[in-house]
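Student:
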Amino acid sequence: MKRFLITGGAGFIGSHLVDRLLSTGAEQITVVDDFNDFYDPEIKRANIQHQIADPRYKLAEIDIRDQAAWERFLQKPGLTASCTSLRARVCDLHFPNHSYTAKPTSTAR
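Sequential numbering from 81 applies to the sequence shown in our numbering.
1) Where DSSP assigns a beta bridge to F84, which residues make up the other side?
2) Just to confirm before moving on: does the CB-CB distance between A133 and I142 stay below 7 Å?
3) In angstroms, rounded to a whole number, what distance separates the CA positions of E122 and G91?
4) Tell whether a beta-carbon distance below 7 Å holds between S95 and N127.
5) So what does K138 bridge to, in DSSP terms?
6) Assuming F153 is part of the alpha helix (DSSP H), what are its boundary residues?
7) Does G94 come out as helix, strand or coil in the three-state DSSP assignment?
8) Assuming I109 and L101 form a contact by the criterion Cβ under 8 Å, report the distance between their Cβ atoms to the nearest whole angstrom.
9) Please report how far the alpha carbon of Q131 lies from the alpha carbon of D146, in whole angstroms.
10) Starting from the Cα of F118, find the closest Cα among G88, E107, A106 and give me that residue.
Right, here's the structure in full:
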């Protein structure tokens, strides 16, 4: 059974990871992304446009820093893997609060 949870799955790296997983026979991919404005959210939506049509793909628009929303989401059964990252150096410098609160929140759950 290949079921995946990808946080930040609408960004450049995450959407490419999803493409790869879909091409290798993943049973289900759930993407969590808050579509923040670190860069244009429309670019992120364009990144996933072709993925949305795949019945194995599910999208949840959640800010992983919202602990209550994240915990409600994690109550769903069948979540296997979680990967999260903001664009490390650039994001850390320009959006330190978002960067430093997103990383531990997602990995601690």
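Virtual Cβ for every residue (Gly too), placed ideally from N, Cα, C.
It should be emphasised that the depicted structure is a prediction, and the values quoted were computed from it without experimental measurement.
Tutor: Straight from the coordinates:
1) Here residue 84 corresponds to residue number 4 of the sequence shown, with the count starting at 1. Bridge partners of F84: I109.
2) The residue labelled residue 133 in the question sits at position 53 within the sequence shown. The residue labelled residue 142 in the question sits at position 62 within the sequence shown. In this structure, I142 does not lie closer than 7 Å to A133 by Cβ.
3) If you number the sequence shown from 1, residue 122 lands on position 42. If you number the sequence shown from 1, residue 91 lands on position 11. Rounded to whole angstroms, E122 to G91 spans 10 Å at the Cα level.
4) Start at 1 with the first residue of the sequence shown, and residue 95 comes out as number 15. Start at 1 with the first residue of the sequence shown, and residue 127 comes out as number 47. Cβ distance < 7 Å, so S95 and N127 count as in contact.
5) As a working note, residue 138 is residue 58 in the sequence shown. In DSSP, K138 forms a bridge with T110.
6) To locate residue 153, count along the sequence shown from 1; it is residue 73. Where F153 is concerned, the enclosing alpha helix (DSSP H) stretches over 147 to 154.
7) For this step, residue 94 is matched to residue 14 along the sequence shown. If DSSP states are grouped into helix, strand and coil, G94 belongs with the helices.
8) Position 29 of the sequence shown, counted from the start, is the residue given in the question as residue 109. Position 21 of the sequence shown, counted from the start, is the residue given in the question as residue 101. That pair is a contact at about 6 Å.
9) Translated into the one-based positions of the sequence shown, residue 131 becomes position 51. Translated into the one-based positions of the sequence shown, residue 146 becomes position 66. Near 25 Å, if we compare the C-alpha coordinates of D146 and Q131.
10) Indexing the sequence shown from 1 puts residue 118 at position 38. It is G88 whose Cα lies nearest to the Cα of F118.
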